[in-house]
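Numbering-wise (our numbering), the sequence shown opens with residue 593 and increments by one. Glycine included, every Cβ here is placed at the ideal spot set by N, Cα and C. Owing to the predicted nature of the structure, the values given are computational and were not obtained by experimental measurement.
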Amino acid sequence: MTKLTSIDYARLIQYAAQKLHMTRLNRTQINKILFYVYGVCYADFDKPLFEDDTPKAWPYGPVFPIVNKKINPDEIVQPFGNETIHEFNKHPQVLQLVKNAVDAMYNMSAVALTKWSHQEGSPWYETLYIKDDSGNITGQKKWNTPIDAELIKKYFKDPKNRIN
Numbered sequence: 593m594t595k596l597t598s599i600d601y602a603r604l605i606q607y608a609a610q611k612l613h614m615t616r617l618n619r620t621q622i623n624k625i626l627f628y629v630y631g632v633c634y635a636d637f638d639k640p641l642f643e644d645d646t647p648k649a650w651p652y653g654p655v656f657p658i659v660n661k662k663i664n665p666d667e668i669v670q671p672f673g674n675e676t677i678h679e680f681n682k683h684p685q686v687l688q689l690v691k692n693a694v695d696a697m698y699n700m701s702a703v704a705l706t707k708w709s710h711q712e713g714s715p716w717y718e719t720l721y722i723k724d725d726s727g728n729i730t731g732q733k734k735w736n737t738p739i740d741a742e743l744i745k746k747y748f749k750d751p752k753n754r755i756n
């Protein structure tokens, strides 16, 4: 049995953008769309979408380091093998979420997606900045700090933080 990974979902996002919108996504777009899908799934199903990687706070927002290193934004993604398709089809809600996220975000620039992920209150923002009791920023954690799963879940449970 195949266990789906962060790379499988990143490639699915690429595939959807290529097939539905005839466009290739850059690394930032892939990571941000994947973060959105990961976050909504965590909020809705109370478990991570995959277990091989978790989002980290990097300068341009949340990044999945394995995806960032191994994904090829210039690749024309070929159809998946039968085992992988079978695994994807076990989760039709996730497939619909990927489609909806790609539809809503494929044409957003890396800059726009970075601004989205950097909003005050976002999991990236709450992970990176150290605040005093009054809420004033007093410092910053190191890049590559893991983004806490509970921050992700809480953020994406709020309907205002979801695409329509």
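For Trp650, there is no enclosing alpha helix (DSSP H); the residue is found in the beta strand (DSSP E) stretching over 648-650.
Between the beta-carbon of Ile599 and that of Val659 there is about 6 Å, and that keeps the pair under the 8 Å contact cut. Bounds of any alpha helix (DSSP H) do not take in Ile663, whose DSSP letter is neither H nor E. Residues of the same chain with a CB within less than 7 Å of the CB of Val632, apart from the 5 flanking positions on each side, are Leu689, Phe748, Arg754 in chain order.
Distance between Thr646 and Asn681, taken at the CA atoms: about 23 Å.
Per DSSP, reduced to three states, the secondary structure at Tyr698 is coil, with no helix or strand assignment. Contact between Gln606 and Glu667 is confirmed by a C-beta separation of about 7 Å, below the 8 Å threshold. Residue range 619-637 is occupied by the alpha helix (DSSP H) that includes Val632. Taking the Cα of Asn699 as reference, the smallest distance to any Cα among Trp708, Asn623, His613 is reached at His613.
Look at the beta carbons and you see the segment 714-722 touching the segment 730-739: at least three pairs across the two are nearer than 8 Å. A straight-line Cα-Cα distance of about 32 Å links Pro738 and Gln670.
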